[in-house]
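Just so you know, our numbering puts 1126 at position 182 of the sequence shown, and the rest follows in order with no gaps.
We treat Cβ as the ideally placed atom computed from N, Cα and C, and that holds for glycine.
Keep in mind it's a predicted model, so treat the numbers as computed, not measured.
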Amino acid sequence: MKKEKTTTDQPRWADLGLSDQKLISMYRDMLLIRRFEERSAQEYGKGKIGGFCHLYIGQEATGVGAIAALRDDDFIYTAYRDHGQALARGMSAKECMAELFGKVTGVSKGIGGSMHFYDLSKGFMGGWGIVGGHPPLAAGTAFATKYQGRDSVTICFMGEASTNQGVVHETLNMAELWRLPVIFITENNGYGMGTAISRAMAGENLYDKAAGYLMNRGAVNGMDVIDMYREMKKAIHLARTEFRPTFLEARTYRYRGHSMSDPGQYRTKEEIEEYKKKDPIETFAKELLQWGVLTEAALERMEEEIKTEVQEAVEFADASPQPPLEMLHQNVYA
Ligand SMILES: Cc1ncc(C[n+]2csc(CCOP(=O)(O)OP(=O)(O)O)c2C)c(N)n1
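1) Could you spell out the range, first to last residue, of the beta strand (DSSP E) harbouring N1117?
2) Nearest to K1153 by alpha carbon, out of D973, I1129 and R1174?
3) Looking only at C-alpha atoms, which of R1211, R983, M970 and L999 sits nearest to M1204?
4) Of all residues in the structure, which have a C-beta closer than 7 Å to any heavy atom of ligand 1, taken in chain order?
5) Under 6 Å Cβ to Cβ from E1104, same chain only, skipping five residues before and after it: list those, please.
6) Check whether the segment 1226-1242 touches the segment 1204-1218, counting contact only when three or more Cβ pairs, one atom from each stretch, lie closer than 8 Å.
7) If S984 and I993 are in contact, beta carbons under 8 Å, what's the gap, nearest whole angstrom?
8) Checking 7 Å against the spacing of the C-beta atoms, do G1073 and Y1024 come in under that value?
9) Below 8 Å on the Cβ atoms is my guess for G1067 versus D1026; work out the distance and round it to an integer in Å.
10) Looking at the secondary structure, which residues open and close the alpha helix (DSSP H) in which Y1091 lies?
11) For the structure I just gave you, are there three or more beta carbon pairs, one from the segment 1243-1254 and one from the segment 968-975, closer than 8 Å?
12) For F1045 and A1261, I'd like the C-alpha separation in whole angstroms.
13) Considering only DSSP beta bridges, list what R1195 is partnered with.
14) Is DSSP giving E1011 helix, strand or coil here?
15) Using a Cβ-Cβ cutoff of less than 7 Å, which residues in the same chain neighbour T1107 once the five nearest sequence positions on both sides are dropped?
16) Since F996 is in the alpha helix (DSSP H), which residue starts that stretch and which ends it?
17) Quick one: any contact between the segment 1187-1205 and the segment 1248-1263, if contact means 3 or more CB pairs under 8 Å?
18) State whether the segment 1152-1170 contacts the segment 1076-1096, with contact taken as three or more CB pairs (one from each stretch) at a distance under 8 Å.
19) Provide the residue span of the alpha helix (DSSP H) that contains M1041, from first to last.
20) Quick one, which of L1121, A1183, M1137 and A1032 has its alpha-carbon nearest Y1157's?
21) Just to confirm, is the Cβ distance from P1224 to L1124 under 7 Å?
22) Among the residues of its own chain, which have a CB less than 7 Å from the CB of A1082, if the five just before and after it don't count?
23) Determine the DSSP secondary structure at I1127, reduced to helix, strand or coil.
24) Going by C-alpha to C-alpha distance, which of M1145, A1146, G1138 and M1159 sits closest to E1114?
25) To which residues does DSSP link I1020 through a beta bridge?
26) Helix, strand or coil: how does DSSP classify D1284 here?
27) When we look at the beta-carbon of A1010 and count the other beta-carbons within 10 Å, is it buried (16 or more) or exposed?
28) Threshold first: 3 residues or longer. Then list the beta strand (DSSP E) segments lying entirely within the segment 1185-1261, N to C.
29) Considering only the alpha carbon of each residue, which of L962, M970, D959 and K990 lies closest to F1228?
30) Return the first residue and the last residue of the alpha helix (DSSP H) that Y988 is part of.
31) Check A1278 in the structure and name its three-state DSSP category.
32) Determine the direct distance from the alpha carbon of R979 to that of S1264, and round the result to whole angstroms.
33) Taking its Cβ as the centre, do 16 or more other Cβ atoms sit within 10 Å of S1065, making it buried, or is it exposed?
34) To the nearest angstrom, how far is it from the Cα of M1167 to the Cα of M1145?
35) According to DSSP, what are the bridge partners of N1310?
And the structure:
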């Protein structure tokens, strides 16, 4: 039922200055990611997509809420579960699907594939496959922008398992010591491949790991796009105005396997169903309807538009050429 907007009864985002248009675009981004990824799974099954393919389904609010809080001149690093964040940053469904298909029209010219989306023009610095390998690069970019006297911020998504890597700790230490404008967003989806975090990590709260470096830190509900946006706005403000880094633990969940070849024997169907009850897209749709930001008809229209967008992306990817043979020797060091 639609709620009347009164001064005493306000949506929980009332203090964030989010226009209806922005709220709708955040919702649309999450829905596009979900439909894009569902279709990617189908195309993988048909053999159109090869190699690794890690889906983001369930985690959409984390990427969208964080990226919606950025400026165009900010930078993003992420791990291999990168399709959703690329779409949230405005990389087109066509170019993203073409990359998955290994085609030259893809975001990385078809030579990166699922784990290595990249677009410098959007400050999207990849798509990295080595667990814990990219946080030092993100700190490097933050160092560079500070050195250049710019007020850009760099954000770095990583999985919770990466925080067991020594290099991540070296990076946290230096980020705090050097006051770098970087935000480490650890997407705690509960599992590193088939290993539950409780079996691999000492301690209760992941964000405690940043305590040793006295870094600004905390946890956020990563299944909630508004909570994510709110916490990111605070962290971005600190980074932009005071060069203070933040370690944010986004508590989320992935519905699908670690990658396409995961039998999923390490968790129960019941557990997955419990999380689906808190689905970030469905819960946000309900709220937007309640507050009259969207109507049922608008939601249906959006669903149709996205269906077409994803279908056109697949057709584009399918019809695009493979990278030419001469590219084999380009962009290699030796
Ligand atoms: C240094 C390194 N060790 C092991 C692997 C193999 N590996 C790939 S993904 C993964 C699990 C990482 O889990 P997490 O960081 O929590 O990210 P999630 O998959 O949950 O998004 C592992 C161990 C790797 N890619 N790099």
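By the coordinates alone:
1) No beta strand (DSSP E) holds N1117; the alpha helix (DSSP H) holding it covers G1110 to L1121.
2) The residue among D973, I1129 and R1174 with its C-alpha nearest the C-alpha of K1153 is I1129.
3) If we check each option's Cα against that of M1204, L999 comes out closest.
4) Proximity annotation: ligand 1 has residues H998, A1023, Y1024, R1025, G1073, I1074, V1075, G1076, G1077, M1102, G1103, E1104, A1105, S1106, Q1109, E1131, N1133, Y1135, G1136, M1137, R1198 and H1202 in chain order, each selected because its CB is closer than 7 Å to a heavy atom of the ligand.
5) Within its own chain, the residues whose Cβ lies closer than 6 Å to the Cβ of E1104, once the five positions on either side in sequence are excluded, are T1130, N1132, I1141 and L1150, listed in chain order.
6) The segment 1226-1242, when compared against the segment 1204-1218, does not touch it at the 8 Å Cβ threshold.
7) So it is a contact: roughly 6 Å between Cβ atoms.
8) Yes, the Cβ-Cβ distance between G1073 and Y1024 is below 7 Å.
9) Their Cβ separation, rounded to whole angstroms, is 14 Å, which puts G1067 and D1026 out of contact at 8 Å.
10) Bounds of the alpha helix (DSSP H) holding Y1091 are P1079 to Y1091.
11) By the Cβ criterion, the segment 1243-1254 is in contact with the segment 968-975, since at least three pairs of Cβ atoms, one from each stretch, lie closer than 8 Å.
12) Going from the Cα of F1045 to the Cα of A1261 covers about 6 Å.
13) Paired residues: N1132 and N1165.
14) Position check: residue 1011 holds Ile in this sequence, whereas Glu was assumed. In the displayed model, I1011 falls within a helix according to three-state DSSP.
15) Excluding sequence neighbours, T1107 sits near T1130, L1150 and K1153.
16) For F996, no alpha helix (DSSP H) run applies, since DSSP gives it neither H nor E.
17) Output reads no: the segment 1248-1263 does not touch the segment 1187-1205.
18) With a cut-off of 8 Å, the segment 1076-1096 and the segment 1152-1170 do not count as touching, because too few Cβ pairs lie within range.
19) A1037 to L1044 is the span of the alpha helix (DSSP H), which, as asked, contains M1041.
20) That would be L1121, whose Cα lies nearest to the Cα of Y1157.
21) Cβ distance not < 7 Å, so P1224 and L1124 don't count as in contact.
22) Here the set comprises Y1021, T1098, C1100 and V1126.
23) DSSP places I1127 in strand when its eight states are reduced to three.
24) Taking each of M1145, A1146, G1138 and M1159 in turn and checking the Cα distance to E1114, the smallest one comes out for M1159.
25) Looking at the DSSP output, I1020 shares a beta bridge with F1068 and I1099.
26) The structure shown does not extend to residue 1284, since the chain is modelled only from 945 through 1278, so no value can be given for it.
27) With 16 or more neighbouring CB atoms inside 10 Å of its own CB, A1010 falls in the buried class.
28) Runs found: 1190-1195.
29) Nearest option by C-alpha distance: M970.
30) Counting along the chain, Y988 sits inside the alpha helix (DSSP H) bounded by residues D964 to G989.
31) In the three-state DSSP reduction, A1278 falls in the coil class, being neither helix nor strand.
32) The alpha-carbon atoms of S1264 and R979 are separated by roughly 21 Å.
33) Burial is judged here by how many other beta carbons sit within 10 angstroms of a residue's own beta carbon; S1065 has fewer than 16 and is exposed.
34) In a straight line, the C-alpha of M1167 is about 22 Å away from that of M1145.
35) For residue 1310 there is no data in the structure shown, the boundaries of the chain being 945 and 1278.
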